[in-house]
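Single-structure report; data block below.
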Amino acid sequence: MALTILLAGASLGIIVFQSAVLAPLVFSQLKDGSSGPFLRALFPRFFLILAALGLAIALSSYLGDFTRGAVLGCVALVLALIAYALIPGTNRARDEGRTTVFKRLHLASVLLTLAIGVASVLAPFA
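Set out below in structure tokens:
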């Protein structure tokens with residue numbers, strides 16, 4: 021249970037740090053057009069790390085005979101992989117100037133990230 025709590029905290033911490041610190045800092049400080057390439061390199065890693073943490077939460081919960089926590093870890097894993105899969109389409113929509121499609125895909129990734137955070141935090145306590 022302690023490991024599951026640690027992993028859930030790491031997942032939530034990464035999400036909060038990326039959303040509240042890193043992304044705003046990138047947009048405010050990288051004004052020479054390099055923010056786009058930087059974020060395109062960051063987000064695949066971000067979602068893969070969240071997927072790995074979801075898997076670790078699932079395994080930790082399962083091995084601790086905590087089925088609901090294992091299910092929520094699997095939910096976090098799947099949601100992170102879906103968000104990862106959306107990245108190429110989101111980038112393509114941005115590159116092609118399809119603003120509506122970009123906004124919808126971006127909103128989907130934001131909502132998926134929020135759901136990953138919720139699933140991760142609930143896993144140790146479900």
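Numbering (the numbering used here), first residue to last: 21 to 146.
Glycine residues also receive a C-beta, built at the ideal position from the N, C-alpha and C atoms.
Predicted model only: the values in this text are computed from it and were never measured.
Helix, strand or coil: how does DSSP classify residue i here?
i: Asp152; result: Past the boundaries of the shown model lies residue 152; the chain is included only from 21 to 146, so the question cannot be answered.
i: Pro144; result: coil
i: Asp115; result: helix
i: Lys51; result: coil
Where does residue i land, buried or exposed, given buried means 16+ other C-beta within 10 angstroms?
i: Gly137; result: buried
i: Pro144; result: buried
i: Leu45; result: exposed
i: Leu27; result: buried
Excluding five sequence neighbours on each side, which residues of the same chain lie with their C-beta closer than 6 Å to the C-beta of residue i?
i: Gly29; result: none
i: Ala135; result: Leu99
i: Leu23; result: Ser80
When you compare each of the options to residue i by their alpha carbons, which one comes out closest?
i: Ala146; options: Leu50, Ile77 and Thr110; result: Ile77
i: Val95; options: Ile69, Leu75 and Lys123; result: Leu75
i: Ile25; options: Leu131, Leu127, Phe47 and Gly93; result: Gly93
Which same chain residues end up closer than 7 Å to residue i when comparing Cβ atoms and leaving out the 5 residues on each side of it in sequence?
i: Gln38; result: Phe66
i: Thr133; result: Ile35 and Ala103
Residues in its own chain within less than 8 Å of residue i by CB, not counting five upstream and five downstream?
i: Asn111; result: Arg60
Original post:
When the Cβ atoms of the segment 63-75 are set against those of the segment 99-119, are three or more pairs found closer than 8 Å?
Top reply: Judged by Cβ distances under 8 Å, the segment 63-75 makes contact with the segment 99-119, as three or more pairs qualify.
Original post:
Is it true that the segment 48-56 meets the segment 84-103, where meeting means three or more beta-carbon pairs spaced less than 8 Å apart?
Top reply: Short answer: they don't touch.
Original post:
Between the segment 26-40 and the segment 138-146, do three or more beta carbon pairs fall short of 8 Å?
Top reply: Touching, yes.
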